[in-house]
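Residue numbers for the sequence shown follow the working numbering, so the first one is 192 and each next one is one higher. Backbone N, C-alpha and C fix where the C-beta goes; we use that ideal spot for every residue, glycine too. One structure is given below, encoded as structure tokens.
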Amino acid sequence: MSFAIELLGITKHYPGVVANDHVTIQIRDGEIHGLIGENGAGKSTIMNILYGMVKPDEGVIRLFERETEISSPMDAINQGIGMVHQHFMLMPDETVLRNIILGRAPKKGLAIDENGASREISEIMDKYGLSIDLKAKVSQISVGEKQRVEIIKALYRKVKILILDEPTAVLTPAETDALLDIMRKLKSQGCTIVFITHKLKEVMAVTDRITVMRKGIVTGAGDTAEMNVPKLSGMIVGREVKTEVPMKEFDPSEKVLELTNLNISGRPGRMPVHYMNLSVRRGEIVGIAGVEGNGQSDLVEAIAGLIPIDSGSIRLCGGEIGKDGVRGRRQKGLGHVPEDRLKTGVARECSIGENLILNHYYTAPFSRHGIFNHKKITEFAEELCRRFLVKTPDSTYALSTLSGGNMQKVVFAREFEASPELLIASQPTRGVDIGAIEYIHGKIAELRDSGKGILLVSAELDEILALSDRIVIMYEGEIVAQFMRGEADEYEIGEYMLGAKRQEVQSEG
Ligand SMILES: Nc1ncnc2c1ncn2[C@@H]1O[C@H](COP(=O)(O)OP(=O)(O)OP(=O)(O)O)[C@@H](O)[C@H]1O
Ligand SMILES: [Mg+2]
């Protein structure tokens, strides 16, 4: 058995942390290799090194049994390595086709030969069972489609090794299944794949071998056939992880959020929301299940004040907020963990501490007469980082230095700490490791038990089922069913999510 990739004794220091400490990973030619481990373990770093984006301090890289150096992503591509990043890198205003051929466009005279390129790409899509509209603009396609564009882009460059950094974090269950199939197809065509994920079921389903990292070192590796989910959780966090969330008995009181006949035409190309009636009571977690793109995002953004409503009413703690701005709604007790943390959740170039006080930076004790009190900010930030398991050597570092999952924890910590009357949590554990999921779920339960309301939106049915007192299912901009905890299982919910079934009565009290 020969190796496609050997990373031998790779070390990478960043200020205050050793992101990779003499990491050795060997990946066989033609296998799907799972790379797993806690947030901040060093998974993205080691793969960014392989892709030539980050320069290691020490260590040797061998590709197909020959020692090599990889000086840039361009160099990596030339050596047959492609990577789909945790955060996509596409040009939103260009077409899918242009994004795929960027830098590699075939020419006819001086002009780009779009027809030739499109023929070549269609052949690739047929071969691997991928499909996408090449003429669509990237800004108009779904997240799952964007990811397919990234994969096709790599295949168009004829890579033999494909690195996928948390590709399923943003996908719906159906899209995830499709991606796992694509991975198997790629493997059958001789491609070697590195698959980074926090979802252990997926890693068990698709990989041949697995490497586990923790705090910058490799803590275990082996054949997937010899692993199981509890064993892997143990290897990742060093203890057993509970999936059941302890909560007080369900005892809801008055309505904290009340939506009446809400109509939202929403962003162009998205599903409008029609005559939505929904409420959340104090002491209640209402989970919205649904395939992404059925109006959940617009609903949440409209409640948070990020997009306008057409008609209807939004009442928070008894008062109408439909016309208030974002800050106004926050001051009245609304908290919001947005689904797209990089777009609306954080300021990447600001410090971790500044991001943690983003909602109330203009108030004492953090700011007086327009001047920041850095000592207070730092004290507050260090305390939050400790409690919410944000792994960083220093809270004054830029947020962009954090690993993906740790950024997500910052957003959650900030919103939780503001002690909102209603917390809208959209994909609150996206990209977060299993230990931190347990913690965040515990925090959501704690808010509920203290008499706050929670509106949870998640693409993870497991998450919806574990947390929700009441589950409502959205399909094509409407509520098509609702269940109390324990009334329906994931299969039944799945049927409503896909529009195969619909309950008669959707009014609620
Ligand atoms: N550009 C950078 N500057 C400073 N520190 C960094 C930088 N990139 C990564 N780090 C640090 O290196 C460590 C490893 O980060 P890395 O992104 O590799 O983690 P990860 O295993 O991919 O985590 P996640 O599951 O959250 O994506 C973290 O402590 C992170 O804060
Ligand atoms: Mg990462």
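**Prompt:** Can you list, in chain order, the stretches of the alpha helix (DSSP H) that have 4 or more residues and sit fully within the region 572 to 614?
**Reply:** 595 to 608
**Prompt:** How about Glu-667 and Gly-633: are their beta carbons less than 8 angstroms apart?
**Reply:** What you label residue 667 is simply residue 476 of the sequence shown in a count that begins at 1. What you label residue 633 is simply residue 442 of the sequence shown in a count that begins at 1. Cβ distance not < 8 angstroms, so Glu-667 and Gly-633 don't count as in contact.
**Host alpha helix (DSSP H) of Lys-318 (start-end)** = Walking along the sequence shown from the start, residue 318 turns up at place 127. Looking at the DSSP string, the run of the alpha helix (DSSP H) that includes Lys-318 is 305 to 319.
**Request:** Assign Ser-263 to buried or exposed, taking buried as 16 or more other Cβ atoms, counted over all protein chains shown, within 10 Å of its Cβ.
**Result:** Along the sequence shown, one-based indexing puts residue 263 at 72. Counting Cβ neighbours within 10 Å, Ser-263 comes out exposed, since fewer than 16 surround it.
**Prompt:** Taking 7 angstroms as the line, does the beta carbon of Gly-536 fall inside it for any heavy atom of ligand 1?
**Reply:** Along the sequence shown, one-based indexing puts residue 536 at 345. False, no ligand heavy atom lies under 7 angstroms from that Cβ.
**Prompt:** Is the Cβ-Cβ distance between Gly-642 and Ser-444 less than 8 angstroms?
**Reply:** Sequence index remark: in the sequence shown, residue 642 carries index 451 (1-based). Sequence index remark: in the sequence shown, residue 444 carries index 253 (1-based). Yes, these two residues count as a Cβ contact at 8 angstroms.
**Prompt:** Relative to the C-alpha of Val-428, which residue among Gly-626, Glu-492, Asn-239 and Ile-664 is closest?
**Reply:** As a first step, residue 428 is located in the sequence shown; it is residue number 237 there, counting from the start. Considering only alpha carbons, the answer is Gly-626.
**Request:** Please report how far the alpha carbon of His-565 lies from the alpha carbon of Val-394, in whole angstroms.
**Result:** Looking up residue 565 in the sequence shown gives position 374. Looking up residue 394 in the sequence shown gives position 203. The straight-line gap from Cα to Cα measures roughly 43 angstroms.
**Asked** According to the neighbour-count rule (16 or more other Cβ atoms, all chains shown, within 10 Å of its Cβ), is Ile-354 buried or exposed?
**Response** Sequence index remark: in the sequence shown, residue 354 carries index 163 (1-based). Ile-354 comes out buried.
**Item:** Closer than 7 angstroms: Lys-582 CB and nearest ligand 4 heavy atom
**Value:** Here the bound small molecules are ligand 1 and ligand 2; ligand 4 is not part of this structure.
**Prompt:** What are the start and end residues of each continuous beta strand (DSSP E) run of 3 or more residues lying completely inside the region 407 to 457, in chain order?
**Reply:** 408 to 414 and 446 to 455
**Prompt:** Quick one: is Glu-629 near chain D, going by C-beta distance under 8 angstroms?
**Reply:** In summary, chain D is missing from the structure at hand, where a single protein chain is found.
**Prompt:** Contact check, Met-438 vs Arg-639 under 8 angstroms by CB: the rounded distance?
**Reply:** Numbered from its first residue, the sequence shown carries residue 438 at position 247. Numbered from its first residue, the sequence shown carries residue 639 at position 448. A Cβ-Cβ distance of about 7 angstroms is found for the pair Met-438 and Arg-639, placing them in contact under the 8 angstroms criterion.
**Prompt:** How many whole angstroms separate the CB atoms of Asn-454 and Ser-502, which I take to be in contact at a CB cut-off of 8 angstroms?
**Reply:** Taking the sequence shown and counting its residues from 1, one reaches residue 454 at position 263. Taking the sequence shown and counting its residues from 1, one reaches residue 502 at position 311. With a Cβ gap of about 5 angstroms, Asn-454 and Ser-502 count as contacting.
**Request:** Answer yes or no: the CB of Gly-595 versus the heavy atoms of ligand 2, is any distance below 7 angstroms?
**Result:** In the sequence shown, the residue the question calls residue 595 occupies position 404. Answer for Gly-595: yes, Cβ within range of ligand 2.
**Where the beta strand (DSSP E) through Lys-203 begins and ends** = Within the sequence shown, the letter at position 12 stands for residue 203. From DSSP, the beta strand (DSSP E) with Lys-203 extends over 194 to 205.
**Prompt:** Using CA coordinates, which residue listed in Ser-649, Asp-220 and Phe-194 is at the minimum distance from Thr-620?
**Reply:** Here the question's residue 620 lines up with position 429 in the sequence shown. Selected option, being the one with the closest Cα: Ser-649.
**Spatial distance of Gly-200 from Ile-645 (CA atoms)** = Your numbering for residue 200 matches position 9 in the sequence shown. Your numbering for residue 645 matches position 454 in the sequence shown. When rounded, the distance between both Cα atoms is 46 angstroms.
**Request:** Whole angstroms is fine: what's the gap from Asn-597's alpha carbon to Val-581's?
**Result:** Here residue 597 corresponds to residue number 406 of the sequence shown, with the count starting at 1. Here residue 581 corresponds to residue number 390 of the sequence shown, with the count starting at 1. The straight-line gap separating the alpha-carbon atoms of Asn-597 and Val-581 is approximately 5 angstroms.
**Request:** Take Met-280 as the anchor and find which of Gly-271, Ile-664, Leu-293 and Val-385 has the nearest alpha-carbon.
**Result:** Here residue 280 corresponds to residue number 89 of the sequence shown, with the count starting at 1. Restricting attention to Gly-271, Ile-664, Leu-293 and Val-385, the CA atom closest to the CA of Met-280 is found in Leu-293.
**Prompt:** Cβ of Gln-599 within 7 angstroms of any heavy atom in ligand 2?
**Reply:** One-based indexing of the sequence shown puts residue 599 at position 408. For ligand 2, not one heavy atom lies less than 7 angstroms from the Cβ of Gln-599.
**Prompt:** Per DSSP, what kind of secondary structure is Asp-624 in: helix, strand or coil?
**Reply:** Translated into positions along the sequence shown, residue 624 becomes position 433. Coil, per DSSP.
**Request:** Leaving out five residues on either side along the sequence, give the residues of the same chain with a beta carbon under 6 angstroms from the beta carbon of Glu-686.
**Result:** The count along the sequence shown starts at 1 and reaches residue 686 at position 495. Lys-692.
**Request:** Find the nearest neighbour of Ala-267 within the set Leu-241, Met-467 and Thr-569, judged by alpha-carbon distance.
**Result:** In the sequence shown, residue 267 corresponds to position 76, counting from 1. Selected option, being the one with the closest Cα: Leu-241.
**Item:** Whole runs of the beta strand (DSSP E) within the region 314 to 392, excluding any shorter than 3 residues
**Value:** Whole beta strand (DSSP E) segments, 3+ residues: 352 to 356 and 383 to 387.
**Glu-540 classed as buried or exposed, judged by whether at least 16 other C-beta atoms fall within 10 angstroms** = Here residue 540 refers to the residue found at position 349 when the sequence shown is read from its first residue. Classification of Glu-540: exposed, given that the 10 Å Cβ count is below 16.
**Prompt:** With a CB to CB cut of under 7 angstroms and the five nearest residues on each side skipped, what residues in its chain are close to Gly-516?
**Reply:** Here residue 516 corresponds to residue number 325 of the sequence shown, with the count starting at 1. Exclusion of the five residues before and after Gly-516 leaves Gly-496 as the residues of its chain whose Cβ lies within less than 7 angstroms of its Cβ.
**Request:** Identify whether Gly-700 lies in helix, strand or coil by the three-state DSSP scheme.
**Result:** In the sequence shown, residue 700 corresponds to position 509, counting from 1. Legend: pLDDT at Gly-700 = 45, less than 50; position of this residue unreliable, no value from coordinates given.
**Request:** Name the one or two DSSP bridge partners that Thr-259 has.
**Result:** Residue mapping note: residue 259 aligns to position 68 of the sequence shown, counting from 1. Paired residues: Ile-252.
**CA nearest to the CA of Val-219, picked from Asp-356, Ile-237, Asn-468 and Asp-414** = Taking the first residue of the sequence shown as position 1, residue 219 is located at position 28. According to the sequence as given, residue 219 is Arg; it is not Val. Closest by alpha carbon: Asp-414.
**Item:** Anticipated Cβ contact below 8 angstroms, Ile-670 with Ile-664, distance rounded
**Value:** Residue 670 sits at position 479 when you count from the first residue of the sequence shown. Residue 664 sits at position 473 when you count from the first residue of the sequence shown. The pair is a contact, with the Cβ atoms about 7 angstroms apart (cut-off 8 angstroms).
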